[in-house]
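Let me begin by presenting the structure, written as structure tokens, before commenting on it.
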Amino acid sequence: MKDHTLRRVYGLFLVIFAILAVIAAYALRSLNRSVASTDWVNHANAVIYEAEGTFASLQAAEGALRTYLLTGDARDRTSSSEAYALLDEHLETLKALTRDEAAAQAHVERIEALLRARVGFAERVETARAASQTASVQALLGEDAGSTAVGEISREIERLVALQATLLTERDRQAFLQASTTRWVVGTGVAVNLVLFGVVAWIIRDDLQTRKKLAATLQASNELLEVKVKERTAELAATNSQLVAENRERRWANQALEHQLRYNQLIVDSVHDLVFVLTRALKVTRVNPATLRVSGREQAELLGRSLGTVLRWNATTPLDSFGANDPLAASLRDGRELRGQPAELLARDGRAIAVILSCVPLRDRDKVVGGVITLQLTPASSTPSAA
Amino acid sequence: MSKTILHIDDEEEIRHMLADMLGASGYRVLSVGSRLEAIRVVERDKPDLIIADLQLGEADGLDTIESLRSLMPATPVMLLTGVLIDPVVARELLEPKGIVYLEKTQPMARILDEVRRLLQPAG
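So the protein sequences, as listed, match chains E and R.
Note that our numbering has the first sequence beginning at 1, numbered continuously upward.
Note that our numbering has the second sequence beginning at 1001, numbered continuously upward.
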């Protein structure tokens, strides 16, 4: 996978994990809030229960007190005392439950004050009854007849209950909002993560497709390269074969040329007449064996020398006697053959050998480049004269 | 199956070059340097074509060809020589005997063409 694709995938996974972490943290926080909310509901219900229990205990105690006032029975007094004790327990519980709530605590304090006053009244009546002070009891009850103490206690307790109910409603609304927010956060997070997963999948798929395309391109390129290599190899092989054939042909041509030269040499060497090959300036470039044999000279004595050093027209006429009109020079200059000219070859031992000279100009592409002199021995050649 | 060619020449370099060229063209080449060897090869291998030089050291090429033709009368023969003979005269002399004349100065391609022509199936 390409580096930048890998970086993008890693980056997206990092974002996905971050979102998951946020969701988890938020969900945990919501869960804790939910647990706290449940505790508080239970607490509020407990407060309501205790408040209502307090009032019920008050009513029970008031009933027991009145029964005792009517009967004067010690057992009824005990029942009344127990009912007030229970009332006290409810009150203490209520105080404990509301000690962290200022508003509820204010209600409870008022309730407590009212209840304490009520309990004080009950104790006074009860004491009067126990002392059989009927008039005192009647007076106290008469005072109480117009009292609204119990009603105030009841209303205060109702206020406390109403306060708890209001708080419950408020908490319930907050819990609902919390739950909605949690759902929204979790849902949004999950949706975003799903989208991000989709993006990751798309990036990977895109990368794989790109890789497939690259692989296909590479394969096609390799195949093309292979074809080209094969073609080039075939071309090189063909070129090599052609070079080998050309080389072979060249070697064959060389041997043919050598063969031909050898034969030509053989033919020239086999000629009985004396042969000189000359430049246009009458310099000797080649002689045949017959020339060396008849003249008694070495090849080195003749090659590169002027023909006039070994040949003359006669005893008094060297070759260059006529200058530009010399027949041999004219023959080479004009490209005309010269035949049957008497001349004398000067042998090394000083003899002058009579010969018949012929000259054939050598042409190379219409240009006279030299000539071939043949000297035919005459019958007089066998009786040479001194030079 | 590749055709077999018997090449007779007393020059080793010529034998080598011709064998190289004909071998590269797909022929089986048997190269010998003397008349006696040539007769042995003809008896043993029955070549499809005989190429001979005119000069074979101790022997004459034409005599050698005559000897070989007596053994294999239907086998085509090419006289490949460096001895300078007038081509017209050579053809007049050799063609009636069914012998093709070529000079060694001819390019190899020309020699190969002639070999192919001689080895073409009849008809």
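Beta carbons: idealized from backbone N, C-alpha and C, even for Gly.
Looking only at C-alpha atoms, which of the options sits nearest to residue i?
i       : options                            : result
E/L196  : E/R351, E/T285, E/I19              : E/I19
E/L87   : E/R66, E/A61, E/T78                : E/A61
E/I356  : E/A343, E/R333, E/G350             : E/A343
E/D364  : E/T378, E/L332, E/A354, E/T291     : E/L332
E/L97   : E/N45, E/G120, E/V137              : E/N45
E/V15   : E/V190, E/P289, E/R124             : E/V190
R/M1072 : R/A1059, R/G1033, R/A1038, R/D1113 : R/A1038
E/T374  : E/K95, E/Q133, E/G340              : E/G340
E/W252  : R/E1013, R/I1008, R/T1004          : R/E1013
E/A25   : E/V185, E/A102, E/G120             : E/V185
R/L1068 : R/I1051, R/E1058, R/R1028          : R/I1051
R/I1065 : R/G1033, R/I1099, R/P1087          : R/I1099
R/E1015 : E/S221, E/Q260, E/Q255             : It is Arg, not Glu, that sits at residue 1015 of chain R in the sequence shown. Of the candidates E/S221, E/Q260, E/Q255, the one whose C-alpha sits nearest the C-alpha of R/R1015 is E/Q255.
E/F176  : E/A300, E/S30, E/G296              : E/S30
R/A1059 : R/R1040, R/L1080, R/S1070, R/G1033 : R/G1033
E/L141  : E/D320, E/Q299, E/R124             : E/R124
E/G296  : E/V271, E/Q260, E/G350, E/H259     : E/G350
E/Q133  : E/A237, E/D39, E/G72               : E/G72
E/A165  : E/Q299, E/N32, E/I48, E/Q376       : E/I48
Would you kindly check if the distance between the Cβ of residue j and the Cβ of residue i is under 8 Å?
i       : j       : result
E/Q277  : E/T285  : According to the sequence shown, residue 277 of chain E is Val rather than Gln. Yes. Within cutoff.
E/A149  : E/L114  : yes
R/M1078 : R/L1119 : no
R/G1082 : E/Y263  : yes
R/L1006 : R/V1042 : yes
R/L1049 : R/V1115 : yes
E/G370  : E/V360  : no
R/L1036 : R/T1004 : no
R/T1075 : R/P1096 : no
E/G308  : E/L282  : yes
R/I1008 : R/D1053 : yes
E/D273  : E/P289  : no
E/A354  : E/T317  : no
E/L163  : E/A104  : yes
E/T93   : E/I157  : no
E/E126  : E/S80   : yes
E/I204  : E/V22   : no
E/A352  : E/A315  : yes
E/D207  : E/T38   : no
E/Q209  : E/R33   : no
Within 10 Å of its beta-carbon, does residue i have 16 or more other beta-carbons around it, so buried, or fewer, so exposed?
i       : result
E/L225  : exposed
R/K1104 : buried
E/R348  : exposed
E/A386  : For E/A386, the predicted model reports a pLDDT of 49, less than 50, meaning its position is unreliable and no value from the coordinates is stated.
E/W313  : buried
E/V310  : buried
E/T291  : buried
R/P1107 : exposed
R/Y1101 : buried
E/L69   : buried
E/F17   : exposed
E/A83   : buried
E/H408  : Outside the shown range of chain E, which is 1 to 387, sits residue 408 of chain E, and nothing can be said about it.
E/S57   : buried
E/R173  : exposed
E/V395  : Because chain E spans 1 through 387 in this model, residue 395 of chain E falls outside it and cannot be assessed.
R/G1061 : buried
E/E223  : exposed
E/A128  : buried
E/E112  : buried
E/R77   : buried
E/E50   : buried
E/L218  : exposed
E/R7    : exposed
E/A234  : exposed
Could you give the C-beta distance for residue i and residue j, rounded to a whole number, given that I count them as a contact under 8 Å?
i       : j       : result
E/R159  : E/V41   : In fact, because the Cβ distance is near 20 Å, the residues do not count as touching under 8 Å.
E/I153  : E/R118  : 7 Å
E/L12   : E/V199  : 6 Å
R/A1109 : E/E249  : 7 Å
E/N345  : E/V294  : Inspection of the sequence shows that residue 345 of chain E is occupied by Leu rather than by Asn. Between E/V294 and E/L345 the Cβ distance is about 7 Å, and since that is below 8 Å, they are a contact.
R/S1002 : R/R1028 : 5 Å
E/E52   : E/V137  : That belief does not hold up - the Cβ atoms of E/E52 and E/V137 are roughly 30 Å apart, past 8 Å.
E/R280  : E/V368  : 6 Å
E/D326  : E/D320  : 6 Å
E/S306  : E/L338  : Going by Cβ atoms, the distance from E/S306 to E/L338 rounds to 17 Å, so no, they are not a contact pair.
In the stretch 1104-1117 of chain R, which residues sit with their C-beta less than 9 Å from some C-beta in chain E, listed in chain order?
-> K1104, T1105, Q1106, P1107, M1108, A1109, I1111
For the stretch 226-256 of chain E, enumerate the residues whose C-beta is nearer than 9 Å to any C-beta of chain R, in chain order.
-> Considering only beta carbons, the part of the stretch 226-256 of chain E lying closer than 9 Å to chain R consists of S241, V244, A245, R248, E249, R251, W252, A253, Q255, A256, in chain order.
Residues from the stretch 259-288 of chain E in contact with chain R, defined by Cβ distance under 7 Å = Residues H259, Q260, Y263.
If contact means a Cβ-Cβ distance below 9 Å, which residues of the stretch 1024-1050 of chain R contact chain E?
-> A1024
Closer than 9 Å, Cβ to Cβ, to anything on chain E: give me those residues from the stretch 1001-1026 of chain R, in chain order.
-> E1011, E1013, I1014, M1017, L1018, D1020, M1021, A1024
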